[in-house]
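Reviewing the structure listed below.
In the working numbering, the protein residues as written are 257 to 773.
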């Protein structure tokens with residue numbers, strides 16, 4: 257009887273500890289959600305809240321017991337695939353860019369914090385330190401003969417403050433502490449820039465130079481309905497929710513702007529703006545052609561090398577196989593950078609050889625056709641070892657009897673290739689060829705390191721290059737040096753996702769029909 261009581265007591269303690277642990281984890285996650293919400297990160301707060309609620313149901317409900325084993329994988333797919341995809345699509349419907357990064361409220365705060373010198377007097381200053389506190393002694397310049405000493409203030413922890421409000425003492429007060437040298441002022445200048453001094457007559461002073469404070473006033477004052485009033489001209493600036501900028505009475509924009517939803521504008525721009533539409537279509541055609549040609553070339557070279565490695569009269573094929581696989585073993589970025597040097601138009605070894613033999617110095621990086629050919633050559637070099645390894649394994653699976661019967665019938669190598677080898681290996685290779693096509697469709701590293709997308713297209717309103725793939729084109733729009741249009745880049749990324757999805761679906765259907773036939 258006592259053993260039963262002891263066992264039930266142990267179970268109660270175990271259950272209590274379990275529920276306490278669950279409660280602690282939930283409180284910690286909810287605290288994180290609260291912090292995200294307070295920072296305005298609604299999407300991330302909602303994501304964590306959904307995952308927390310789902311995890312509680314999965315691990316605490318007996319009905320969801322079977323989901324416990326796949327839940328971590330589902331969470332990974334949600335966090336690293338589904339959420340970024342939804343977030344990207346959401347950005348595609350906004351004007352989110354380098355000039356429209358912040359919310360309306362934050363932009364309003366930035367404008368209200370702007371100040372200008374009013375010409376109400378300039379003061380030189382000396383800084384005194386007494387322990388951890390500081391005092392400023394202000395001396396008027398020119399016709400201004402006034403001098404002031406501020407109250408004690410602290411610069412420790414000033415990094416997290418927008419401003420340090422300081423008032424002045426009476427005229428007879430003198431600073432206490434050690435006067436700091438100019439090198440010490442330089443060290444403290446970031447904190448001093450946040451010091452805002454209020455004089456007895458209400459005039460505000462702020463640091464205007466390394467050795468001076470000046471009278472300042474806010475450029476803009478807050479008006480009704482999120483409007484701003486220019487304190488210098490009394491002009492009213494209103495927020496334009498179609499463009500995401502404050503607009504003055506003359507229609508001029510005030511930077512920075514704020515993020516607003518623009519509907520289908522980015523997608524319409526892709527399809528109607530000639531400066532975007534034309535390069536987009538050209539890059540799309542080139543991306544498909546590049547991916548398809550890479551698959552064809554790597555398969556052709558890889559199959560040829562595999563057949564040579566299987567040729568019995570060839571001695572030492574193990575050594576040859578080792579050397580032929582080396583391009584696959586070397587990190588791709590190293591090979592790409594080496595080829596970039598080899599193809600250099602002025603000093604590259606390839607042009608030196610061509611010039612010595614034929615008097616030619618091709619402009620590999622300036623001519624569109626040559627730049628694209630160079631990409632295909634380098635990518636074939638990087639990809640053929642993978643195809644060679646696959647083909648070597650598949651060739652071993654083909655019965656020798658087929659080739660012996662073919663030899664008896666008088667068939668040649670070409671007949672064996674077209675009637676035996678290719679039909680026997682194409683079915684198991686199909687899915688791998690589709691995967692290779694999808695990989696090269698988004699082969700960002702090759703383009704970025706070898707050509708950088710160049711040569712540039714003439715007449716494009718976006719940073720577009722003749723060798724750009726869709727993925728590198730999107731990257732240049734989002735993170736290029738001539739502006740960062742995240743909304744347009746997200747719209748193009750969404751279109752790419754739909755295109756790749758359709759192509760993959762069609763390929764899978766074609767593969768299924770091929771296997772059935």
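Glycine included, every Cβ here is placed at the ideal spot set by N, Cα and C. Remember, it's a predicted structure, so these values are computed and weren't measured experimentally.
Once you ignore the five residues that flank residue 431 on each side, which residues in its own chain have a CB closer than 7 Å to its CB? 384, 391, 393 and 405
Residue 296 (DSSP reduced to helix, strand or coil): coil
Short of 8 Å in beta carbon distance, which residues of its chain neighbour residue 423, apart from the five on each side in sequence? Order them along the chain. 406, 407, 453 and 454
Could you tell me which residues DSSP pairs with residue 494 in its beta bridges? 503
So is residue 497 buried or exposed if we call it buried at 16+ other beta carbons inside 10 Å? exposed
By Cβ distance, which residues of its chain are closer than 6 Å to residue 550, with the 5 residues on each side in sequence left out? 635 and 696
Return the bridge partner residues of residue 486 from the DSSP annotation. 476
Using the DSSP secondary-structure output, state which residues sit across from residue 774 in a beta bridge. Given a span of 257 to 773 for the chain in the structure shown, any question on residue 774 remains unanswerable.
Please go through the same chain and pick out, in chain order, the residues whose beta-carbon is closer than 7 Å to the beta-carbon of residue 323, but skip the five residues on each side of it. 314
Can you grab the Cα-Cα spacing for the pair residue 717 / residue 759, in whole Å? 28 Å
So, is residue 363 buried or exposed, given that buried needs 16 or more other C-beta atoms within 10 angstroms? buried
Would you mind stating whether residue 513 and residue 350 have Cβ atoms separated by less than 8 Å? no
Going by C-alpha distance, which of 330, 419, 288 and 730 is nearest residue 540? 730
Check the C-beta distance from residue 370 over to residue 474 and give it rounded, since I have them as a contact under 8 Å. 7 Å
Bridge partners of residue 392, per DSSP? 383
Contacts around residue 547, its chain only, beta-carbon distance under 6 Å, and the 5 residues preceding and following it disregarded: 693, 696 and 697
Residue 793 - partner residues in DSSP beta bridges: This structure gives no information on residue 793, because the portion of the chain shown stretches from 257 to 773.
So what does residue 463 bridge to, in DSSP terms? 469
Taking only three categories from DSSP, how would you classify residue 599? coil
Hey, which unbroken runs of the alpha helix (DSSP H) at 4 residues or more fall wholly within the segment 637-714? 656-664, 669-672, 678-697 and 700-706
Any idea what DSSP makes of residue 521, helix, strand or coil? helix
Residue span of the alpha helix (DSSP H) that contains residue 717, given as start and end: Premise fails: residue 717 is in no alpha helix (DSSP H) and is neither H nor E.
Residue 650 vs residue 684 beta-carbon contact at 8 Å: yes
When 451, 279, 388 and 306 are compared against residue 433, the one with the closest alpha-carbon: 388
Distance, Cα to Cα, residue 629 vs residue 294? 53 Å
What's the C-alpha gap between residue 410 and residue 420? 8 Å
Where DSSP assigns a beta bridge to residue 774, which residues make up the other side? Nothing about residue 774 can be reported from this structure: the residues present for the chain run from 257 to 773 only.
So, at 6 Å on beta carbons, what are the nonlocal neighbours of residue 733 in its own chain, with the 5 sequence-adjacent residues on each side left out? 718, 741, 744 and 745
Residue 577 by DSSP, collapsed to three states: which one? helix
Proximity to residue 328 [Cα-Cα], best of 311, 359, 670 and 495: 311
Quick check: what's the CA-CA separation for residue 575 versus residue 604? 29 Å
Contact set for residue 702: own chain, Cβ-Cβ below 8 Å, skip 5 residues either direction: 588, 592, 631, 634, 635 and 638
For residue 452, write down the residues that DSSP places opposite it in a beta bridge. 421 and 462
Where does residue 325 sit, in a helix, a strand or coil, going by DSSP? coil
Give the secondary structure of residue 378 by DSSP, where H, G and I count as helix, E and B as strand, and everything else as coil. strand
Residue 682 to residue 640 span [Cα, whole Å]: 16 Å
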